[in-house]
Amino acid sequence: MAYSEKVIDHYNNPRNVGTLDPNDSTVGTGLVGAPECGDVMRLQLKINPETGVIEDAKFKTFGCGSAIASSSYATELIKGKNVEEAAAIKNTQIVADLNLPPVKIHCSVLAEDAIKAAIEDYKKKQAQAHPAEAVA
Amino acid sequence: MEDYFAFMGFPRRLSLDAGELQRRYFDLSRKYHPDFHTHDEEPGRQTSLEQSSVLNQAYRTLKDRNERARHLLWLEWPDLPESEKKKIPPALLMEVMEMQEKIADAGSEVDESRKAALQGELLDIEARLKTKMGDLDGTLDALATEWDGIADGGDADARRNLLTRLNTLLNTRNYLRTLLATIDAAVRGGQGVRH
Chain A
726 MAYSEKVIDH
736 YNNPRNVGTL
746 DPNDSTVGTG
756 LVGAPECGDV
766 MRLQLKINPE
776 TGVIEDAKFK
786 TFGCGSAIAS
796 SSYATELIKG
806 KNVEEAAAIK
816 NTQIVADLNL
826 PPVKIHCSVL
836 AEDAIKAAIE
846 DYKKKQAQAH
856 PAEAVA
Chain B
-1 MEDYFAFMGF
9 PRRLSLDAGE
19 LQRRYFDLSR
29 KYHPDFHTHD
39 EEPGRQTSLE
49 QSSVLNQAYR
59 TLKDRNERAR
69 HLLWLEWPDL
79 PESEKKKIPP
89 ALLMEVMEMQ
99 EKIADAGSEV
109 DESRKAALQG
119 ELLDIEARLK
129 TKMGDLDGTL
139 DALATEWDGI
149 ADGGDADARR
159 NLLTRLNTLL
169 NTRNYLRTLL
179 ATIDAAVRGG
189 QGVRH
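Here the protein sequences come in this chain order: A and B.
Just so you know, we're using my numbering here: the first sequence kicks off at 726 and counts up by one.
Just so you know, we're using my numbering here: the second sequence kicks off at -1 and counts up by one.
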């Protein structure tokens, strides 16, 4: 299968691999999987509760090159964005930017799911930490 | 995709007589084999070529009990929603992630004694996973019997409920299979998993 240079670059030099403290109330963790291939992806976002801006993003993915590249690319894409902008990212953008072949589209879906799950987790934690206030 | 059960003249059941499947495969192979149709007029010749390709796919799918179950699920619930497709027991994903991290740690550990300890842990995990895999096979047997009992029955809720459980089981199995292949690659230098 012919991968684009961008996929190979992200696969060989994945950006932002690692973990953030899952107990930090400003960190949202998204853990998602693709049962058809057994891939797992964990994406963590550190979000500034004042501004709603994603200040840091880390991921760890066990799966194929496209899954790793998709999640690595996703972390680059969302850093510096605010929560609403990040939540609006569609997998089709990742497919287009990385030029993923059709059989690997599900890897980009995984990345989109992970972003959404991480944001949801962050919002839930914020609601618990500040029950009276509205969450950004 | 075709209905492989119908193509080979079987009812949509999860239990299937392997001998009968092979007999029908051989019979149909002769019937559709392109060599027997070289003097046919078009489009007959083209059709026999296509049919023999479908036949091979049908045979491969029905022969493997898990593939057969996946195919039946697809036929019985063609509009299975995305959320169902990804459904697995909630704790499993976390467990899979932890095991994958352990496998990765074992691979990058340079200290020989620590590496040996990690490899030992992997073997324990592998044994546990294999037991789990065996349990899943047993559960699939039970689901098969249950399905074959209500396949023609009118209770749509009971059928849907069973198909939901079948889907979760097949998804769980995929994760375990990937983990086992990854452990095999880490411990014995096996092929790993083709993603």
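Yeah, the Cβ is synthetic: ideal placement off N, Cα and C, and Gly gets one too.
For residue i, does the count of other Cβ atoms within 10 angstroms reach 16, so buried, or fall short, so exposed?
i, result
"Pro760(A)", "buried"
"Ala114(B)", "exposed"
"Ala727(A)", "exposed"
"Lys29(B)", "exposed"
"Arg767(A)", "buried"
"Leu24(B)", "Reading off the sequence shown, one finds Phe at residue 24(B), where the question assumed Leu. When all chains shown are included, Phe24(B) counts as exposed."
"Ile148(B)", "exposed"
"Glu837(A)", "buried"
"Leu121(B)", "exposed"
"Ala811(A)", "buried"
"Gly17(B)", "exposed"
"Ile890(A)", "Chain A is shown only over 726 to 861; residue 890(A) falls outside these bounds and no answer can be derived."
"Gly788(A)", "buried"
"Leu26(B)", "buried"
"Gly188(B)", "exposed"
"Leu69(B)", "Here residue 69(B) is His; the residue named in the question, Leu, does not match the sequence. His69(B) is buried by the Cβ-count criterion."
"Val108(B)", "exposed"
"Lys815(A)", "exposed"
"Ala125(B)", "exposed"
"Lys849(A)", "exposed"
"His735(A)", "buried"
"Gln44(B)", "exposed"
Check the Cβ of residue i against every Cβ in chain C and list those closer than 7 Å, keeping chain order.
i, result
"Arg175(B)", "Considering every chain present, this structure includes no chain C. Its protein chains are A and B."
Does DSSP put residue i in a helix, in a strand, or in coil?
i, result
"Val108(B)", "coil"
"Gly805(A)", "coil"
"Ile86(B)", "coil"
"Gly753(A)", "strand"
"Glu761(A)", "coil"
"Ala813(A)", "coil"
"Glu780(A)", "strand"
"Leu702(A)", "No statement about residue 702(A) is possible, as the shown extent of chain A runs from 726 to 861 and does not include it."
"Thr786(A)", "strand"
"Leu770(A)", "strand"
Check each candidate in the options and name the one with the smallest Cα separation from residue i.
i, options, result
"Tyr847(A)", "His831(A), Ala782(A), Arg740(A) and Leu802(A)", "Ala782(A)"
"Gly7(B)", "Leu53(B), Thr36(B) and Leu47(B)", "Leu53(B)"
"Glu96(B)", "Tyr736(A), Thr744(A), Glu730(A) and Tyr728(A)", "Thr744(A)"
"Asp146(B)", "Asp25(B), Leu161(B) and Lys130(B)", "Leu161(B)"
"Val742(A)", "Gly777(A), Asp838(A) and Phe784(A)", "Phe784(A)"
"Arg195(B)", "Phe3(B), Arg112(B), Arg163(B) and Thr176(B)", "Because chain B is modelled from -1 through 193, residue 195(B) falls outside the range shown and cannot be assessed."
"Thr180(B)", "Trp75(B), Asp103(B), Thr36(B) and Val108(B)", "Asp103(B)"
"Ala852(A)", "Thr776(A), Asn807(A) and Thr751(A)", "Thr751(A)"
"Arg178(B)", "Gly132(B), Ala140(B) and Glu48(B)", "First, the amino acid is wrong: residue 178(B) is Leu here, not Arg. The candidate whose alpha carbon is nearest that of Leu178(B) is Gly132(B)."
"Lys841(A)", "Pro827(A), Ala813(A) and Pro826(A)", "Ala813(A)"
"Val808(A)", "Ala857(A), Asn824(A), Ser729(A) and Glu775(A)", "Glu775(A)"
I'd like to know if residue i contacts chain B, where contact means its C-beta is closer than 8 Å to some C-beta of that chain.
i, result
"Leu823(A)", "no"
"Leu770(A)", "no"
"Leu756(A)", "yes"
"Pro702(A)", "Any property of residue 702(A) remains undetermined from this structure, which presents chain A solely from 726 to 861."
"Arg740(A)", "no"
"Phe787(A)", "yes"
Would the beta-carbon of residue i fall within 8 Å of that of residue j?
i, j, result
"Thr786(A)", "Ile793(A)", "yes"
"Gly763(A)", "Asn165(B)", "no"
"Leu167(B)", "Thr137(B)", "yes"
"Leu127(B)", "Lys61(B)", "no"
"Gly755(A)", "Val765(A)", "no"
"Lys829(A)", "Ser797(A)", "no"
"Thr817(A)", "Arg740(A)", "no"
"Ile101(B)", "Thr170(B)", "no"
"Ser50(B)", "Pro32(B)", "yes"
"Leu770(A)", "Ile819(A)", "no"
"Leu141(B)", "Arg163(B)", "yes"
"Leu823(A)", "Lys731(A)", "yes"
"Ala184(B)", "Gly118(B)", "no"
Consider the Cβ of residue i: report whether some Cβ of chain A lies at a distance smaller than 8 Å.
i, result
"Ile123(B)", "no"
"Lys84(B)", "yes"
"Gln55(B)", "no"
"Asn64(B)", "no"
"Gln49(B)", "no"
"Asn205(B)", "Residue coverage of chain B in this structure runs from -1 to 193, which leaves residue 205(B) outside it and unanswerable."
"Leu134(B)", "no"
"Met95(B)", "yes"
"Leu91(B)", "yes"
"Gln44(B)", "no"
"Gln20(B)", "no"
"Asn172(B)", "yes"
"Gln117(B)", "no"
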